[in-house]
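Below: the structure, in structure tokens.
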Amino acid sequence: MPQHYPFSAVVSSGGPDDPTALDPMALALVLTTISPGVGGVLVRGEKGTAKSTIVRALAAVLPPIDVVAGDRFSTDPAEPHPRSPDGPFAADAPTETRPVRLVELPVGATEDRVLGSLHLERALSEGKAEYEPGLLARAHRGVLYVDEVNLLHDHLVDLLLDAAAMGRSTVERDGVSVEHDARFVLVGTMNPEEGELRPQLLDRFGLTVEVAAPRDPVVRMAVVRRRMAFDADPVGFAASYAEAERALTERIATAQRLVAHVELTDAALLTIAEVCAAFDVDGMRADIVTARAAVAHAAWHARTSVTRADIRAAALLSLPHRRRRNPFDAPGLDEDLLDQLLGDDEPEPPEPPNPEPTEPERSDGEEGEAEQSESEAAERSDGEPSQPQPTGAPSGSGGTDAPAATGTPYRAKLFTVAGTGAGEAGRRSRAITASGRRIGATKPAGPGAAGGSIDLTSTILSAAPHQHVRGRTQGRLRLERDDLRVATREGKEANLVLFCVDASGSMAARRRMEQVKTAILSLLLDAYRRRDKVGLVTFRAHGAQVALPPTHSVDIAATRLEQLPSGGRTPLAEGLLEADRVLRLERVRDPRRRPLLVVVTDGRATHGPDAVARSRQAAGHLASQGIASLVVDCESGSFRMGLAGELAHHLRAEHVPIAEVSAADLTGAVRERVA
Numbered sequence: 005m006p007q008h009y010p011f012s013a014v015v016s017s018g019g020p021d022d023p024t025a026l027d028p029m030a031l032a033l034v035l036t037t038i039s040p041g042v043g044g045v046l047v048r049g050e051k052g053t054a055k056s057t058i059v060r061a062l063a064a065v066l067p068p069i070d071v072v073a074g075d076r077f078s079t080d081p082a083e084p085h086p087r088s089p090d091g092p093f094a095a096d097a098p099t100e101t102r103p104v105r106l107v108e109l110p111v112g113a114t115e116d117r118v119l120g121s122l123h124l125e126r127a128l129s130e131g132k133a134e135y136e137p138g139l140l141a142r143a144h145r146g147v148l149y150v151d152e153v154n155l156l157h158d159h160l161v162d163l164l165l166d167a168a169a170m171g172r173s174t175v176e177r178d179g180v181s182v183e184h185d186a187r188f189v190l191v192g193t194m195n196p197e198e199g200e201l202r203p204q205l206l207d208r209f210g211l212t213v214e215v216a217a218p219r220d221p222v223v224r225m226a227v228v229r230r231r232m233a234f235d236a237d238p239v240g241f242a243a244s245y246a247e248a249e250r251a252l253t254e255r256i257a258t259a260q261r262l263v264a265h266v267e268l269t270d271a272a273l274l275t276i277a278e279v280c281a282a283f284d285v286d287g288m289r290a291d292i293v294t295a296r297a298a299v300a301h302a303a304w305h306a307r308t309s310v311t312r313a314d315i316r317a318a319a320l321l322s323l324p325h326r327r328r329r330n331p332f333d334a335p336g337l338d339e340d341l342l343d344q345l346l347g348d349d350e351p352e353p354p355e356p357p358n359p360e361p362t363e364p365e366r367s368d369g370e371e372g373e374a375e376q377s378e379s380e381a382a383e384r385s386d387g388e389p390s391q392p393q394p395t396g397a398p399s400g401s402g403g404t405d406a407p408a409a410t411g412t413p414y415r416a417k418l419f420t421v422a423g424t425g426a427g428e429a430g431r432r433s434r435a436i437t438a439s440g441r442r443i444g445a446t447k448p449a450g451p452g453a454a455g456g457s458i459d460l461t462s463t464i465l466s467a468a469p470h471q472h473v474r475g476r477t478q479g480r481l482r483l484e485r486d487d488l489r490v491a492t493r494e495g496k497e498a499n500l501v502l503f504c505v506d507a508s509g510s511m512a513a514r515r516r517m518e519q520v521k522t523a524i525l526s527l528l529l530d531a532y533r534r535r536d537k538v539g540l541v542t543f544r545a546h547g548a549q550v551a552l553p554p555t556h557s558v559d560i561a562a563t564r565l566e567q568l569p570s571g572g573r574t575p576l577a578e579g580l581l582e583a584d585r586v587l588r589l590e591r592v593r594d595p596r597r598r599p600l601l602v603v604v605t606d607g608r609a610t611h612g613p614d615a616v617a618r619s620r621q622a623a624g625h626l627a628s629q630g631i632a633s634l635v636v637d638c639e640s641g642s643f644r645m646g647l648a649g650e651l652a653h654h655l656r657a658e659h660v661p662i663a664e665v666s667a668a669d670l671t672g673a674v675r676e677r678v679a
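Positions in the sequence shown are counted from 1; adding 4 to them yields the working numbering.
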């Protein structure tokens with residue numbers, strides 16, 4: 005049996021002599037095990053911060069549980085009305101004591117694996133419709149752990165959170181109708197660099213913790229020393245923490261017994277309500293979770309009434325992630341304001357406003373001429389920049405401006421990839437997926453793999469012609485594994501949206517670049533909602549660079565966009581060829597995910613000999629590979645050259661003026677790009 009890293013060795017810098025010094029992540033885990041009604045924990049943090057290690061170590065310090073012997077659903081013998089398909093149980097049914105289970109749910113799990121489904125072997129060999137329990141049944145009264153929960157399909161996350169909130173799982177599928185208890189502690193870990201959860205799903209987690217590697221060299225040294233000691237002698241290392249582990253187990257068990265007797269006074273509940281209202285969180289879930297976490301925190305500290313310290317600790321864990329209104333907002337909480345609300349400090353007077361100077365308004369014609377002259381001046385500039393060059397700008401670039409500001413994003417039109425794909429489930433383009441509208445049936449992908457819900461009608465039709473050969477003259481249908489058919493469904497897939505952005509001098513006009521960044525930010529927000537991967541290639545001066553390799557984290561893409569400098573000549577061909585290189589690499593890494601190339605430019609090509617001809621050749625190369633493309637035309641002003649339209653023609657791409665990216669002009673028809 006593998007030896008797990010001790011829980012107290014991860015959460016305490018004091019070693020075995022200090023088992024009660026819990027960091028925020030450990031405290032959140034302990035509180036939700038004391039009171040599962042808190043609703044689970046989401047741990048966000050950079051890679052290499054022991055997120056998985058501490059979760060896997062948690063189960064070892066939880067008090068053991070009593071279960072009905074032989075029951076597959078971990079029924080509590082003291083439960084008066086248990087929901088167990090293996091029941092009912094006699095009053096004197098044998099029981100057994102076992103450790104709490106830690107059940108890990110893989111990112112690639114199917115709905116059948118999570119909920120459970122028809123037992124295929126029994127159905128095919130014996131003709132019996134018997135329920136085979138899933139991971140939710142196994143996790144009952146234990147810990148359900150989802151690593152990289154942000155990469156789990158949205159419908160599975162919804163399913164897990166619904167089961168955790170209701171304490172039961174209901175299965176109605178494939179001729180099976182089952183309901184069983186499913187009370188578990190849900191723990192999810194994620195790296196924000198790989199993409200965010202939707203705010204609606206964030207709100208469903210009771211507590212959230214941000215973790216990061218310590219910056220103190222002494223602490224880092226102690227962590228490395230402990231890890232090396234564990235690797236050298238796992239059994240001996242665990243034995244040195246055995247007493248600390250036992251102390252934690254006893255303290256958790258005591259708190260679990262005490263939590264029902266902790267008093268939450270009206271004054272304490274009013275304080276919780278005032279805190280939640282002051283931080284302007286949506287709904288009432290924040291109030292409920294904060295109250296439950298405060299009660300659990302009081303029980304953890306052996307108190308029988310909730311204090312301000314309990315409310316403060318609970319608020320720091322339950323409120324930060326509920327203040328996110330869009331994917332570009334960073335979770336966090338103003339601790340000074342929290343202390344003021346709790347009565348620890350007096351509020352400071354607000355600073356006087358500092359209004360910014362305003363510019364005189366221009367007419368449309370004057371604005372267009374001004375933008376044209378500004379962009380031409382920036383394009384002609386090929387010397388050193390007059391302002392300090394921003395970090396990350398290409399070396400040797402000429403005529404660079406400080407990054408332009410970004411306006412308020414709007415709802416963008418839907419741009420899709422033509423045809424039917426087979427990528428990961430999402431919300432953009434048509435695809436064959438595990439969920440959606442049934443359009444047919446097919447054999448499973450391989451032995452033992454259903455690959456989707458069973459299509460009973462097609463299964464029976466495939467078996468019917470072979471009944472005489474199988475010796476059936478009467479009685480029930482004789483089925484074999486080759487008869488099995490699963491439903492083929494058409495839904496939506498997520499795509500790779502690669503932005504190829506012109507940051508040259510012709511785009512550097514102040515108002516134009518602000519409009520460009522706002523349009524891209526709006527498209528990024530749309531990509532976030534549709535679960536796409538995004539990437540960013542920019543070109544200016546003498547070449548192109550990958551500002552952001554393909555990632556699920558659109559908030560990082562938004563940050564890179566904010567820092568985007570502009571100026572110099574327009575190496576359009578280099579930008580298209582760099583985008584082609586990125587797409588080729590991503591095709592190897594993720595061949596099922598279809599790309600959508602979004603070229604944001606005014607169409608000018610001014611860098612190098614035969615700039616226009618090379619740009620057309622690069623565009624033709626992309627078109628010949630069937631790359632779905634969209635050209636967002638940034639040209640503005642009274643004089644227009646129409647070069648972006650010509651580029652769209654060579655790319656075989658949809659051409660959209662930047663003013664028409666907004667969905668405000670959409671009349672109801674779904675816009676799909678031309679192949």
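Every residue gets a Cβ at the ideal spot worked out from N, C-alpha and C, and that includes glycine.
Is Ala-319 near Leu-342, with beta carbons less than 8 Å apart?
-> Translated into positions along the sequence shown, residue 319 becomes position 315. Translated into positions along the sequence shown, residue 342 becomes position 338. Against a cut-off of 8 Å, the Cβ pair of Leu-342 and Ala-319 comes out as a contact.
Where Glu-134 falls: helix, strand or coil (DSSP) | Against the sequence shown, residue 134 aligns to sequence position 130. DSSP places Glu-134 in coil when its eight states are reduced to three.
Taking three-plus beta-carbon pairs below 8 Å as touching, is the segment 79–89 in contact with the segment 176–187?
-> yes
Kindly indicate if chain C contains any beta-carbon less than 8 Å away from that of Ile-443.
-> Reference to chain C is not applicable here, since this structure consists of a single protein chain.
Please report the residue range of the alpha helix (DSSP H) in which Ala-157 lies.
-> Reading the sequence shown from its first residue, position 153 is the one you call residue 157. Residue identity differs from the one stated: residue 157 is His in this sequence, not Ala. Taken as a continuous stretch (DSSP letters only), His-157 belongs to no alpha helix (DSSP H), as it is neither H nor E.
Would the beta-carbon of Ala-295 fall within 8 Å of that of Leu-323?
-> For the purposes of this step, residue 295 is taken as the residue at position 291 of the sequence shown. For the purposes of this step, residue 323 is taken as the residue at position 319 of the sequence shown. Cβ distance not < 8 Å, so Ala-295 and Leu-323 don't count as in contact.
Between the segment 72–87 and the segment 98–111, do at least 3 Cβ pairs fall closer than 8 Å?
-> yes
How long is the line joining the alpha carbons of Val-635 and Met-511, rounded to whole angstroms?
-> The residue labelled residue 635 in the question sits at position 631 within the sequence shown. The residue labelled residue 511 in the question sits at position 507 within the sequence shown. So the alpha carbons of these two residues sit roughly 15 Å apart.
With 16 as the cutoff for other CB atoms within 10 Å, does Ser-642 come out buried or exposed?
-> On the sequence shown, residue 642 is found 638 positions in, with the first residue counted as 1. Exposed is the call here.
Alpha carbon to alpha carbon, what distance is there between Leu-26 and Arg-250?
-> Start at 1 with the first residue of the sequence shown, and residue 250 comes out as number 246. Start at 1 with the first residue of the sequence shown, and residue 26 comes out as number 22. Approximately 15 Å, taken between the alpha carbons.
Select from Leu-488, Met-225 and Ala-143 the residue whose C-alpha is nearest the C-alpha of Leu-460.
-> Taking the first residue of the sequence shown as position 1, residue 460 is located at position 456. The candidate whose alpha carbon is nearest that of Leu-460 is Leu-488.
Reference Arg-316, options Arg-441, His-301, Ala-498 and Ser-309, closest by Cα = As a first step, residue 316 must be located in the sequence shown, where it is residue number 312. The candidate whose alpha carbon is nearest that of Arg-316 is His-301.
Per-residue DSSP class, three states only, for Ile-443 = Position 439 of the sequence shown, counted from the start, is the residue given in the question as residue 443. Strand, per DSSP.
Ends of the alpha helix (DSSP H) at Thr-563?
-> By one-based count along the sequence shown, residue 563 stands at place 559. That run of the alpha helix (DSSP H) goes 558–566.
Under the three-state DSSP convention, the category Thr-174 falls into | If you number the sequence shown from 1, residue 174 lands on position 170. Looking at Thr-174 - three-state DSSP - the assignment turns out to be strand.
Bridge partner(s) assigned by DSSP for Gln-471 | Translated into the one-based positions of the sequence shown, residue 471 becomes position 467. According to DSSP, which records beta bridges pairwise, Gln-471 is partnered with nothing at all.
Using only alpha-carbon positions, find the residue among Arg-608, Ala-627, Asp-614 and His-625 that is nearest to Asp-637.
-> One-based indexing of the sequence shown puts residue 637 at position 633. Comparing Cα positions, the closest option is Arg-608.
Between His-556 and the rest of its own chain, which residues show a CB-CB distance below 6 Å, the 5 nearest in sequence each way excluded?
-> As a first step, residue 556 is located in the sequence shown; it is residue number 552 there, counting from the start. Counting only Cβ-Cβ distances below 6 Å, and skipping sequence neighbours, we find Glu-198, Gly-199 and Lys-537.
6 Å Cβ shell around Ala-298 - same chain, five flanking residues per side excluded | Here the question's residue 298 lines up with position 294 in the sequence shown. Taken in chain order, the residues that qualify are Val-310, Asp-314, Ile-315 and Ala-318.
Go through its chain and collect everything with a Cβ distance to Ala-97's Cβ below 8 Å, but skip five positions before and after it.
-> Counted from its first residue, the sequence shown places residue 97 at position 93. Excluding positions up to five away in sequence, the list reads Val-72, Ala-73 and Pro-81.
How big is the Cα-Cα spacing for Leu-31 and Asp-338?
-> For the purposes of this step, residue 31 is identified with residue 27 of the sequence shown, where counting begins at 1. For the purposes of this step, residue 338 is identified with residue 334 of the sequence shown, where counting begins at 1. Rounded to whole angstroms, Leu-31 to Asp-338 spans 20 Å at the Cα level.
Applying the criterion that 16 or more other CB atoms from any shown protein chain within 10 Å of the CB defines a buried residue, is Ile-464 buried or exposed?
-> As a first step, residue 464 must be located in the sequence shown, where it is residue number 460. That one is exposed.
Could you tell me if Val-665 is buried or exposed, where buried requires 16 or more neighbouring beta carbons within 10 angstroms of its beta carbon?
-> As a first step, residue 665 must be located in the sequence shown, where it is residue number 661. Val-665 comes out buried.
With C-beta atoms as the reference, is Thr-424 less than 8 Å away from Val-189?
-> As a working note, residue 424 is residue 420 in the sequence shown. As a working note, residue 189 is residue 185 in the sequence shown. Taking 8 Å as the Cβ cut-off, Thr-424 and Val-189 do not qualify as a contacting pair.
Separation of Val-111 from Tyr-414, as counted between CA atoms = Reading the sequence shown from its first residue, position 410 is the one you call residue 414. Reading the sequence shown from its first residue, position 107 is the one you call residue 111. Answer to the nearest angstrom: the Cα atoms are 32 Å apart.
Between the beta-carbon of Ala-632 and the beta-carbon of Arg-585, is there less than 8 Å?
-> Stepping through the sequence shown from its first residue, residue 632 is reached at position 628. Stepping through the sequence shown from its first residue, residue 585 is reached at position 581. No, they are not a contact pair.
Mind checking who Arg-48 pairs with in its DSSP beta bridge?
-> Counting from 1 along the sequence shown, the entry for residue 48 is found at position 44. Partner(s): Met-194 and Glu-214.
Whole-angstrom distance between Lys-447 and Gln-681, CA atom to CA atom | Limits of the chain in this structure are 5 at one end and 679 at the other, which puts residue 681 out of reach.
Arg-533 versus Phe-419: straight-line alpha-carbon distance, rounded | Along the sequence shown, read from residue 1 onward, the residue named residue 533 stands at position 529. Along the sequence shown, read from residue 1 onward, the residue named residue 419 stands at position 415. Cα-Cα distance, rounded: 13 Å.
Under the rule that 16 or more other beta-carbon atoms within 10 Å means buried, what is Asp-220, buried or exposed?
-> Walking along the sequence shown from the start, residue 220 turns up at place 216. So Asp-220 counts as exposed.
Can at least three beta-carbon pairs, one atom from the segment 40–50 and one from the segment 210–220, be found at a separation below 8 Å?
-> yes
Is the segment 269–280 close to the segment 229–242, with three or more CB pairs under 8 Å?
-> no
Continuous beta strand (DSSP E) stretch holding Ile-631: start and end | Sequence index remark: in the sequence shown, residue 631 carries index 627 (1-based). Run containing Ile-631: none; DSSP gives neither H nor E here.
With 16 other Cβ atoms within 10 Å as the buried cut-off, status of Met-288 | The residue given as residue 288 occupies position 284 in the sequence shown. Exposed, because fewer than 16 other Cβ atoms sit within 10 Å of the Cβ of Met-288.
Helix, strand or coil: how does DSSP classify Cys-638 here?
-> Translated into the one-based positions of the sequence shown, residue 638 becomes position 634. Coil.
Measuring alpha carbon to alpha carbon, tell me which of Arg-516, Val-541 and Val-501 ends up nearest Ser-527.
-> Taking the sequence shown and counting its residues from 1, one reaches residue 527 at position 523. Residue identity differs from the one stated: residue 527 is Leu in this sequence, not Ser. Among Arg-516, Val-541 and Val-501, the Cα nearest to that of Leu-527 belongs to Val-501.
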